[in-house]
Amino acid sequence: MEWETEAARSAAWVLIIDDDPAVLELVRRALERGGIPCECQSDAHKALAELRHRDYAVVLTDIRMPGISGIDIYRRVRHSCPHTYFIAITGVADTEVAIEALKLGFFDYLLKPLNLDEVVLSVERAFEKRRLKLELRAYQEELEAKVLRRTEELIDRSRQLRQLLLNTIQTLVFTLEAKDKFTEGHSRRVSDIAAYLAERLGLSQTAVRRVELAGLLHDIGKVGIRDQILSLPRRLTKDEMEHVRTHPQVGARILGPVSEFQDLIPAVLCHHERYDGSGYPQGLRGEAIPLYARIVAVADAYEAMTSRRPYREALPPDVALAQLKNGTRSSFDPQVVEVLERWQGEVEERIRHVQSPA
45 MEWETEAARS AAWVLIIDDD PAVLELVRRA LERGGIPCEC QSDAHKALAE
95 LRHRDYAVVL TDIRMPGISG IDIYRRVRHS CPHTYFIAIT GVADTEVAIE
145 ALKLGFFDYL LKPLNLDEVV LSVERAFEKR RLKLELRAYQ EELEAKVLRR
195 TEELIDRSRQ LRQLLLNTIQ TLVFTLEAKD KFTEGHSRRV SDIAAYLAER
245 LGLSQTAVRR VELAGLLHDI GKVGIRDQIL SLPRRLTKDE MEHVRTHPQV
295 GARILGPVSE FQDLIPAVLC HHERYDGSGY PQGLRGEAIP LYARIVAVAD
345 AYEAMTSRRP YREALPPDVA LAQLKNGTRS SFDPQVVEVL ERWQGEVEER
395 IRHVQSPA
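See the structure below:
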């Protein structure tokens, strides 16, 4: 029988609870003749203690007993014994109580005087339902484990693909910058400055990492700008500048199809917006400019000012900061500039640790 294998793992499958020793003996013999191991308990309190320490498949319990009723026992252990099936034993006059027991969660009820064949049949049905329930639970757990493993595999694969994508984008950025010795390393330094400012502004670690990535990718749209313009050793003409000013839109279009970078597109698109609305490409003003873009804008401007260009020498950090402060409220977010001023020494130290062009 199905329960014989599990019986080897449990000293007793069935616990019989009744304050009448004659009923206990009668039911025990009937079940054991069917090969079902049993334990008997005439004391309801001791039976309750047994249920709290051992796992039974089925409990046959009298409803009316001194001290604790069968229903009370069920109520006390049903949450700790979720796979134990209770069968009520009751007199004919207690059928309403038996129906109440069924509503509470009892599997079945048997009326006294007991029909032993019905007792055995009811227990066997409880065994079968328990077996099916446990098999279903095992199947669900196995399925959940498979889903979890597959999910972990997909997450790992997705992480690998994201890293591959990021590496490809970084290579594109670095290749673009390598064409001009004056801007080589610019995006990495902007990325580092922007991340530090974001951290000091109190952004979450997740947001700091996204700002760092936005700083790295902010000029990726320059891949669409003609090489000869990017490398000119002089200030650009009006037409040339108009061409260069298309790079935020180009960058947004490059990142557009990539779901991983959707939250970075506003920073790439808007890092040349100005606080007074005089920037490009949309002429956004104040806090209408996305926060990531406002942070990257300050980092970008500060890095550019303190770096050498073909048409000028690098500005000393204090001079660059003074120019940024002069542009506060007209060009840059005052709060971001204030953070840069407060932590300028640390920012400069971080810049020195970022690889600079030879």
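The numbers in the numbering used here rise by one with no breaks, and the one at position 276 of the sequence shown is 320.
Cβ coordinates follow ideal geometry from the N, Cα and C atoms, glycine included.
Predicted, not measured: the structure shown is a model, and the values here were computed from it.
Here's the rule I'm using: 16 or more other beta-carbon atoms within 10 Å means buried, otherwise exposed. How should Thr-281 be labelled? Start at 1 with the first residue of the sequence shown, and residue 281 comes out as number 237. Exposed: under 16 other Cβ atoms inside 10 Å.
Could you give the DSSP three-state label for Tyr-118: helix, strand or coil? The count along the sequence shown starts at 1 and reaches residue 118 at position 74. Here Tyr-118 sits in helix by DSSP.
Can you tell which of Lys-156, Leu-299, Arg-352, Ala-242 has its C-alpha closest to the C-alpha of Ile-107? Within the sequence shown, residue 107 is the residue found at index 63, counting from 1. The shortest C-alpha separation from Ile-107 is found at Lys-156.
In the DSSP assignment, what are the bridge partners of Asp-152? Walking along the sequence shown from the start, residue 152 turns up at place 108. Answer is Ile-131.
According to the neighbour-count rule (16 or more other Cβ atoms, all chains shown, within 10 Å of its Cβ), is Met-109 buried or exposed? On the sequence shown, residue 109 is found 65 positions in, with the first residue counted as 1. Classification of Met-109: buried, given that the 10 Å Cβ count is 16 or more.
Quick one: residues in its chain with C-beta nearer than 6 Å to the C-beta of Gly-295, no 5 flanking neighbours on either side, listed in chain order? Numbered from its first residue, the sequence shown carries residue 295 at position 251. Once the five neighbours on either side are set aside, the close Cβ partners of Gly-295 are Ile-264, Gly-265, Val-312.
Less than 8 Å between the CB atoms is what I'm expecting for Ile-131 and Ala-170, so what's the real figure, rounded? Looking up residue 131 in the sequence shown gives position 87. Looking up residue 170 in the sequence shown gives position 126. Right, the Cβ-Cβ distance comes to about 6 Å (below 8 Å), so this counts as a contact.
Applying the 10 Å Cβ sphere with the 16-neighbour rule, what's the burial state of Glu-347? On the sequence shown, residue 347 is found 303 positions in, with the first residue counted as 1. Result: buried.
Just to confirm, is the Cβ distance from Leu-104 to Ser-86 under 8 Å? Start at 1 with the first residue of the sequence shown, and residue 104 comes out as number 60. Start at 1 with the first residue of the sequence shown, and residue 86 comes out as number 42. Going by beta carbons, Leu-104 and Ser-86 fall outside the 8 Å limit.
Sheet register partners of Asp-106 (DSSP bridge): Residue numbering aside, residue 106 sits at position 62 when the sequence shown is read from its first letter. Per DSSP, the beta bridge partners of Asp-106 are Ile-133.
Just to check my reading of the structure: Val-381 and Leu-368 have Cβ atoms closer than 8 Å, yes? What is that Cβ distance to the nearest angstrom? As a working mapping, residue 381 is identified with position 337 in the sequence shown. As a working mapping, residue 368 is identified with position 324 in the sequence shown. That pair is a contact at about 5 Å.
How big is the Cα-Cα spacing for Leu-180 and Leu-154? Position 136 of the sequence shown holds residue 180. Position 110 of the sequence shown holds residue 154. Each residue's alpha carbon lies about 27 Å from the other.
Can you find the residues in the same chain that come closer than 8 Å, C-beta to C-beta, to Val-217, ignoring five residues on each side of it along the sequence? Here residue 217 is taken as the residue at index 173 of the sequence shown, counted from 1. The residues Ser-231, Leu-260, Leu-261, Asp-263, Ile-264, in chain order, have a CB closer than 8 Å to that of Val-217 in the same chain once the five nearest residues on each side in sequence are set aside.
Out of Gln-293, Pro-65, Val-342, Ile-213, state which residue places its alpha-carbon closest to the alpha-carbon of Pro-13. With the chain represented from 45 up to 402, any question about residue 13 goes unanswered, as that position is not in the structure.
To the nearest angstrom, report how far apart Ala-142 and Ile-199 are at their CA atoms. Taking the first residue of the sequence shown as 1, we reach residue 142 at position 98. Taking the first residue of the sequence shown as 1, we reach residue 199 at position 155. Each residue's alpha carbon lies about 52 Å from the other.
Going by DSSP, which residues form a beta bridge with Glu-83? Here residue 83 is taken as the residue at index 39 of the sequence shown, counted from 1. Looking at the DSSP output, Glu-83 sits in a beta bridge with Leu-59.
Residues sharing a beta bridge with Phe-305, DSSP: By 1-based counting over the sequence shown, the position of residue 305 is 261. For Phe-305, DSSP records no beta bridge to any residue.
So is Ser-351 buried or exposed if we call it buried at 16+ other beta carbons inside 10 Å? Taking the first residue of the sequence shown as position 1, residue 351 is located at position 307. Counting Cβ neighbours within 10 Å, Ser-351 comes out buried, since at least 16 surround it.
Residue environment, Tyr-183, which counts as buried when at least 16 other CB atoms sit within 10 Å: One-based indexing of the sequence shown puts residue 183 at position 139. Of the residues assessed, Tyr-183 falls on the exposed side of the cut-off, its CB having fewer than 16 other CB atoms within 10 angstroms.
Through-space distance from Arg-72 to Ala-93, alpha-carbon basis: Numbered from its first residue, the sequence shown carries residue 93 at position 49. Numbered from its first residue, the sequence shown carries residue 72 at position 28. Each residue's alpha carbon lies about 20 Å from the other.
Distance CB(Ala-366)-CB(Val-234) smaller than 8 Å: As a first step, residue 366 must be located in the sequence shown, where it is residue number 322. As a first step, residue 234 must be located in the sequence shown, where it is residue number 190. Not in contact: Ala-366 and Val-234 (Cβ atoms no closer than 8 Å).
So, at 8 Å on beta carbons, what are the nonlocal neighbours of Glu-76 in its own chain, with the 5 sequence-adjacent residues on each side left out? Taking the sequence shown and counting its residues from 1, one reaches residue 76 at position 32. Around Glu-76: Cys-82.
Do Tyr-336 and Phe-376 come within 8 Å of each other at the CB atom, strictly closer than that value? Along the sequence shown, read from residue 1 onward, the residue named residue 376 stands at position 332. Along the sequence shown, read from residue 1 onward, the residue named residue 336 stands at position 292. Inclusion of Phe-376 and Tyr-336 in the CB contact set at 8 Å is not warranted, their separation being larger than that value.
For Val-383, which of helix, strand or coil comes out of DSSP? Start at 1 with the first residue of the sequence shown, and residue 383 comes out as number 339. Helix at Val-383.
Among residues of its own chain, excluding the 5 on either side of Arg-391, which ones have a beta-carbon nearer than 7 Å to its beta-carbon? Mapped onto the sequence shown, residue 391 falls at position 347. The sequence as given places Val at residue 391; Arg does not occur at that position. Ile-237, Tyr-240, Leu-384, listed in sequence order.
Alpha carbon of Ser-400 to alpha carbon of Ile-333, nearest angstrom: For the purposes of this step, residue 400 is identified with residue 356 of the sequence shown, where counting begins at 1. For the purposes of this step, residue 333 is identified with residue 289 of the sequence shown, where counting begins at 1. Model confidence at Ser-400 stands at a pLDDT of 47, short of 50, so the residue's coordinates are unreliable; what they give is reported in the following sentence. Going from the Cα of Ser-400 to the Cα of Ile-333 covers about 30 Å.
Host alpha helix (DSSP H) of Ala-258 (start-end): Sequence index remark: in the sequence shown, residue 258 carries index 214 (1-based). Membership of Ala-258 in the alpha helix (DSSP H) is indicated by the continuous run 249-261.
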